[in-house]
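S.K.:
There are 2 protein chains.
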Amino acid sequence: MSSSSQLQPVLDRIDADFDNSLERLFALLRIKSISADPAFAGDCKAAADHLAGDIATLGFATEVRPTAGHPAIVATSNGNGGAHVLFYGHYDVQPVDPLNLWHRPPFEPAVTDHADGRKIIVARGAEDDKGQLMTFVEACRAWKSVTGSLPLDITIVIEGEEEIGSKNFVPFLEANKKDLHADFALVCDTGMWDRNTPAITTSLRGLVYDEVRIKAANRDLHSGIFGGGAQNPIRVLTRILGSLHDDNGHITLPGFYDGVKDLPPDILAQWKNLNLTPESFLKPIGLSIPAGEKDRLLIEQVSSRPTCDINGIIGGYTGEGSKTVIPAEASAKVSFRLVEGQEPAKIRKTFRDYVTARLPADCRAEFTDHSNAPAIALDWNMKPLAAARRALTEEWGKDAVLMGSGASIPIVADFKKTLGLDTVLVGFGLDDDNIHSPNEKYDLRSFHKGIRSWARILSAFADAPR
Amino acid sequence: MSSSSQLQPVLDRIDADFDNSLERLFALLRIKSISADPAFAGDCKAAADHLAGDIATLGFATEVRPTAGHPAIVATSNGNGGAHVLFYGHYDVQPVDPLNLWHRPPFEPAVTDHADGRKIIVARGAEDDKGQLMTFVEACRAWKSVTGSLPLDITIVIEGEEEIGSKNFVPFLEANKKDLHADFALVCDTGMWDRNTPAITTSLRGLVYDEVRIKAANRDLHSGIFGGGAQNPIRVLTRILGSLHDDNGHITLPGFYDGVKDLPPDILAQWKNLNLTPESFLKPIGLSIPAGEKDRLLIEQVSSRPTCDINGIIGGYTGEGSKTVIPAEASAKVSFRLVEGQEPAKIRKTFRDYVTARLPADCRAEFTDHSNAPAIALDWNMKPLAAARRALTEEWGKDAVLMGSGASIPIVADFKKTLGLDTVLVGFGLDDDNIHSPNEKYDLRSFHKGIRSWARILSAFADAPR
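Residue numbers (the working numbering), protein chains in the order written: chain A, 2 to 467; chain B, 2 to 467.
1) Anyone know if the C-beta pair for arginine 390 of chain A and leucine 8 of chain A falls short of 8 Å?
2) Would you kindly check if the distance between the Cβ of alanine 329 of chain A and the Cβ of aspartate 221 of chain A is under 8 Å?
3) What is the DSSP secondary structure of phenylalanine 368 of chain B, reduced to helix, strand or coil?
4) By Cβ distance, which residues of its chain are closer than 6 Å to alanine 392 of chain A, with the 5 residues on each side in sequence left out?
5) If we cut at 8 Å on Cβ distances, does glutamate 128 of chain A have a partner in chain B?
6) Report the CB separation of alanine 84 of chain B from leucine 153 of chain B in whole angstroms; it is logged as a contact under 8 Å.
7) Determine the extent of the alpha helix (DSSP H) in which isoleucine 15 of chain B is found, giving its start and end residues.
8) Using a beta-carbon distance below 8 Å, is aspartate 195 of chain A in contact with chain B?
9) Can you give me the C-alpha to C-alpha distance between histidine 449 of chain B and alanine 401 of chain B, rounded to a whole angstrom?
10) Can you pull the chain B neighbours of tyrosine 258 of chain A, defined as C-beta to C-beta under 9 Å?
11) How many angstroms separate the CA atom of leucine 26 of chain B from the CA atom of lysine 33 of chain B?
12) Residue range of the alpha helix (DSSP H) that tyrosine 355 of chain A falls in?
13) Would you say glycine 293 of chain B reaches chain A, if we count a Cβ-Cβ gap shorter than 8 Å as a contact?
14) Return the chain-ordered ranges of every alpha helix (DSSP H) run that is complete within the segment 226 to 312 of chain A and spans a minimum of 4 residues.
15) Does the segment 75 to 84 of chain B come close enough to the segment 96 to 108 of chain B to have 3 or more Cβ pairs within less than 8 Å?
16) Give the interface partners of histidine 115 of chain B over in chain A, defined as CB-CB distance under 7 Å, in chain order.
17) Tell me the DSSP secondary structure of glycine 405 of chain B in three-state form.
18) Under a CB-based cut-off of 8 Å, is isoleucine 155 of chain B close to chain A?
19) By the three-class DSSP mapping on this structure, what secondary structure does threonine 191 of chain B have?
20) Name the residue from B/Phe352, B/Asp415, B/Tyr355 whose alpha carbon lies nearest to the alpha carbon of isoleucine 377 of chain B.
21) Check the Cβ-Cβ distances between aspartate 415 of chain B and every residue of chain A, and say whether any is below 8 Å.
22) For a contact meaning CB atoms closer than 9 Å, what does proline 361 of chain B contact in chain A?
23) Kindly indicate the opening and closing residues of the alpha helix (DSSP H) around isoleucine 458 of chain A.
24) Determine the direct distance from the alpha carbon of glycine 70 of chain B to that of aspartate 38 of chain B, and round the result to whole angstroms.
25) Isoleucine 155 of chain B and leucine 134 of chain B: beta carbons closer than 8 Å?
26) Buried or exposed: where does alanine 111 of chain B fall if 16 or more other Cβ atoms within 10 Å of its Cβ makes it buried?
27) Thinking C-alpha only, which one of B/Gly287, B/Ser167, B/Pro291, B/Gly405 is nearest leucine 269 of chain B?
28) List the residues of chain B that histidine 371 of chain A touches, going by C-beta distances under 7 Å, in chain order.
29) DSSP on serine 336 of chain B, reduced to helix/strand/coil?
30) Buried or exposed, going by whether 16 or more other CB atoms sit within 10 Å of the CB of methionine 2 of chain A?
31) Is the shortest distance between the beta-carbon of threonine 469 of chain B and the beta-carbons of chain A less than 8 Å?
32) Consider the Cβ of alanine 376 of chain A: report whether some Cβ of chain B lies at a distance smaller than 8 Å.
33) With H, G and I counted as helix, E and B as strand and the rest as coil, what does DSSP make of arginine 142 of chain B?
34) Taking Cβ positions only, does glycine 207 of chain B come closer than 8 Å to chain A?
35) Might you give, ordered along the chain, the residues of its own chain that have their beta carbon closer than 8 Å to the beta carbon of serine 468 of chain B, omitting 5 neighbours on each side?
36) Excluding the five sequence neighbours on either side, which residues of its own chain have a C-beta within less than 7 Å of the C-beta of glycine 60 of chain A, listed in chain order?
Now the structure itself:
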């Protein structure tokens, strides 16, 4: 029996069981699995155990395996032969600060009404990536419960350090290689084109994330006694960081754009047709003018062009009122989104050299490496893409778009390098999901139709010519 | 009987009672009177009550009087006629952060050994200004206890908001004018020239302290989705603040140096002779090269030239690890030390205009005014100066220096404007006292000889021709 003949009862089952799917997602969302903060290490372990326990109930051979950091889950279930896919997700979430901007406690999930009437699931991780990974788990559950099996062989691997750069997961992949073989990988950590248009992401930007700390005097100083005579590390830091962009929004690091190619004319034409406007993209976040390179389209600025952002800065007195201090040090977190042709190690070195060359006498800089991922460009012609695209189009009633993403999912490069696998990136996030921000949400519709989409995609993969 | 014939027993009394003087200072240092933080308002009140109680025991008619902020103390005692002085000090102290850099709890004072063997009093406020103001109170105590009276009429006024700009104290001066008349004012909140050389401060820099907050998007954004397309307020802030100085250390605000005069040649020659070297001034704080205007002496940079310092900056994610956020806002505290000829209101407006003119589309700036004080230049020929100088020279066995200070004591301008009083500024602080920093200290010798100095100065004032 082809899996497609079993699809409709599976979809019906998903609809009928949706309240329970939501309850299972809520249980996962309640666990404070913030990977960046060591204080939450126990919660990360709890999230891994909880999720592994749930997946085991579907008949997967499931293990929580240690890494040098937070643990990972490996779960395998044989289907009806044919293709074998490796599904990847992450159970860790971003920190929640600034907490005072949340409208409700970030780890007490609830379905609420969005301003425009949409039903949304609100919680840290509602989208990224707990909500997204549960769309896949729930699709598997529906297949198992209706047909007693899966339409193809599936290995699920879920890590707990994606939000902090997957440093320990990459060696884990290498060490667990034999249990992670498959025909290709699936990742559910990306978005739709818009609320009604499904998408498959075919390129991802890379990420170099560095921290720089400028040190001057051996202690904090009084600006009345030393002001004018002593180096101020905030002055030094702002002077250097303030020079990273020129008046046209170009990044000034020497050689930064070396190897960066323009989009092929046909892709550029296709992207122009998508008509990403400041009105549609920036207005919802309170902005109106693209802030990037002045000679590029907005869609290029946010997906195919490299960028530099200062993600955090701190130094001196930042409490209420005033203090006439010249601090001993100041620091900033600086990240670069990279595109195909740029080498992360080279960009990092260029940045550090740039800072170091601009340090005045008496100042020194210390650097900390936070992430290091190259850009990804997938093969638009890889076979599973067509099947996934067809399935998405059927579910959403609208052609699925092949799009570039401005974000980074470094693991995709590691799947290729370590496991030899290409990846199909399908996800149901929306631009207004507030991921990494207060009030993260996932549309209830994304969660429901996401589960249905995966049910269809699994079927399409099983039936597709290999 | 002239007061000078009574001086020696008073000095002997100070020596004999010194352990008790120290204990009384410790009792004041234990009170957490941090004026900047509303959480410590009760402690500020407690410090005022405690100090007023102590001063009342010396026979001063003493009152704790409310202001619109923390209360002030007014205490008066008639002496043997003749001159009438108004002594000013402040019981409030700076915040203590970063607390982890203190070697002992900031409000548990102790006498410890400095690295070079000096005995030092360590606590927040040990110097600024509790230690300093207590030198005067203890000198009065010694006069009273030995002679039963003071050598001249004294009014003591002590405020609790000096560290936050004395905003409520200035109207208080106006409202309490009739109780604050005197021939001239005394302030003990300045330093010695060096460890062995007493000094009278004859000029003070002014202070404009502003806070700027740059706002962009209506929420924190994910740099993967929006990076390149959305304004980053940290980028905007660093770009603007990083341009406030040029390569030669000059401040770039248009018209900033208008009205600033060079030192008269004779003063410049005198200052050159003081030989303030990077070796003596910067090496103890771990620096070696003057950071100010390249065409100025170090002593000019720190005392007679105007400056700009960024005292604090914050924005985005500043916790452990990394977060790919584009924050909705970023802010900085920026202060300017001003010299004679510069108008605070004009400098503030110039700064705000400079920021506003450089804001890109989609960004706006909000400003908060923290202080606003003009520079002070005292009359080097005012009569009490000679008497004070002679008394200091006798106590320390070395000629007292008339010097300019880089710091700001805004109240001195208000004494002139509101009460018509000139001020004599005498203090016993040292450059390594770490005021406003962790591990604030006051040399035990400063405290002891400071009390003796005031005892001599009061006598000299009483005997001086008026």
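By construction, the Cβ of each residue, glycine as well, lies at the ideal position given by its N, Cα and C atoms. Bear in mind the structure is a predicted one, so any value in this text is a computation, not a measurement.
M.R.: For this structure:
1) Start at 1 with the first residue of the first sequence, and residue 390 of chain A comes out as number 389. Start at 1 with the first residue of the first sequence, and residue 8 of chain A comes out as number 7. Against a cut-off of 8 Å, the Cβ pair of leucine 8 of chain A and arginine 390 of chain A comes out as no contact.
2) For this step, residue 221 of chain A is matched to residue 220 along the first sequence. For this step, residue 329 of chain A is matched to residue 328 along the first sequence. It is a contact, given that the beta carbons lie within the stated cut-off.
3) Within the second sequence, the letter at position 367 stands for residue 368 of chain B. Phenylalanine 368 of chain B: strand per DSSP, three-state reduction.
4) Position 391 of the first sequence, counted from the first residue, corresponds to residue 392 of chain A. Closer than 6 Å at Cβ, skipping near neighbours: Arg457, Ile458, Ala461.
5) Counting from one through the first sequence, the residue named residue 128 of chain A turns up at place 127. Taking Cβ atoms only, chain B never reaches closer than 8 Å to glutamate 128 of chain A, which makes this a no.
6) As a working note, residue 84 of chain B is residue 83 in the second sequence. As a working note, residue 153 of chain B is residue 152 in the second sequence. Alanine 84 of chain B to leucine 153 of chain B, Cβ: 5 Å. Contact.
7) Here the question's residue 15 of chain B lines up with position 14 in the second sequence. Element bounds for isoleucine 15 of chain B: 4 to 17.
8) The sequence position of residue 195 of chain A within the first sequence is 194, counting from 1. No, aspartate 195 of chain A lies away from the interface with chain B (no Cβ there is under 8 Å from its Cβ).
9) Numbered from 1 along the second sequence, position 448 holds the residue referred to as residue 449 of chain B. Numbered from 1 along the second sequence, position 400 holds the residue referred to as residue 401 of chain B. Whole-angstrom Cα-Cα distance: 17 Å.
10) Walking along the first sequence from the start, residue 258 of chain A turns up at place 257. Under the 9 Å cutoff, chain B gives no residues; its nearest Cβ is about 13 Å from tyrosine 258 of chain A.
11) Within the second sequence, the letter at position 25 stands for residue 26 of chain B. Within the second sequence, the letter at position 32 stands for residue 33 of chain B. Taking the straight line from one Cα to the other gives about 13 Å.
12) Mapped onto the first sequence, residue 355 of chain A falls at position 354. That run of the alpha helix (DSSP H) goes 345 to 358.
13) Taking the first residue of the second sequence as position 1, residue 293 of chain B is located at position 292. Closer than 8 Å to some Cβ of chain A, the Cβ of glycine 293 of chain B qualifies, so yes.
14) 234 to 242, 266 to 275, 279 to 282, 299 to 304
15) no
16) The residue labelled residue 115 of chain B in the question sits at position 114 within the second sequence. Those do not exist, as histidine 115 of chain B stays about 14 Å from chain A at its closest Cβ, beyond 7 Å.
17) If you number the second sequence from 1, residue 405 of chain B lands on position 404. Strand.
18) The residue you call residue 155 of chain B lines up with position 154 of the second sequence. Cβ-Cβ to chain A under 8 Å: no for isoleucine 155 of chain B.
19) What you label residue 191 of chain B is simply residue 190 of the second sequence in a count that begins at 1. The answer is coil: DSSP assigns threonine 191 of chain B none of H, G, I, E or B.
20) The residue you call residue 377 of chain B lines up with position 376 of the second sequence. Checked all of B/Phe352, B/Asp415, B/Tyr355; the closest Cα to isoleucine 377 of chain B is B/Asp415.
21) Here residue 415 of chain B is taken as the residue at index 414 of the second sequence, counted from 1. Answer no: the Cβ-Cβ gap between aspartate 415 of chain B and chain A never drops below 8 Å.
22) Taking the first residue of the second sequence as position 1, residue 361 of chain B is located at position 360. Under the 9 Å cutoff, chain A gives Ile290, Ala292.
23) Position 457 of the first sequence, counting from 1, holds the residue named residue 458 of chain A. Element bounds for isoleucine 458 of chain A: 445 to 464.
24) In the second sequence, the residue the question calls residue 38 of chain B occupies position 37. In the second sequence, the residue the question calls residue 70 of chain B occupies position 69. If you take the alpha carbons of aspartate 38 of chain B and glycine 70 of chain B, they lie about 12 Å apart.
25) Position 154 of the second sequence holds residue 155 of chain B. Position 133 of the second sequence holds residue 134 of chain B. Their beta carbons are not under 8 Å apart, which means isoleucine 155 of chain B does not touch leucine 134 of chain B by this criterion.
26) Position 110 of the second sequence, counted from the start, is the residue given in the question as residue 111 of chain B. Result: exposed.
27) In the second sequence, the residue the question calls residue 269 of chain B occupies position 268. Checking every option, the nearest Cα to that of leucine 269 of chain B belongs to B/Gly405.
28) Here residue 371 of chain A corresponds to residue number 370 of the first sequence, with the count starting at 1. Correct list: Gly322, Ser323.
29) Here residue 336 of chain B corresponds to residue number 335 of the second sequence, with the count starting at 1. Strand, per DSSP.
30) Here residue 2 of chain A refers to the residue found at position 1 when the first sequence is read from its first residue. Residue placement at methionine 2 of chain A cannot be trusted, given a pLDDT of 48 that sits under 50; what the coordinates show is reported in the next sentence. Burial call: exposed.
31) This structure does not reach residue 469 of chain B, given that chain B is present from 2 up to 467, and the question cannot be answered.
32) What you label residue 376 of chain A is simply residue 375 of the first sequence in a count that begins at 1. For alanine 376 of chain A, the answer is no, since every Cβ of chain B falls outside 8 Å of its Cβ.
33) Along the second sequence, read from residue 1 onward, the residue named residue 142 of chain B stands at position 141. DSSP places arginine 142 of chain B in helix when its eight states are reduced to three.
34) Stepping through the second sequence from its first residue, residue 207 of chain B is reached at position 206. No - not a single Cβ of chain A is within 8 Å of the one on glycine 207 of chain B.
35) Shown here, chain B extends from 2 to 467; a query on residue 468 of chain B therefore has no answer.
36) Position 59 of the first sequence, counted from the start, is the residue given in the question as residue 60 of chain A. These residues qualify, in order along the chain: Ser78, Lys145.
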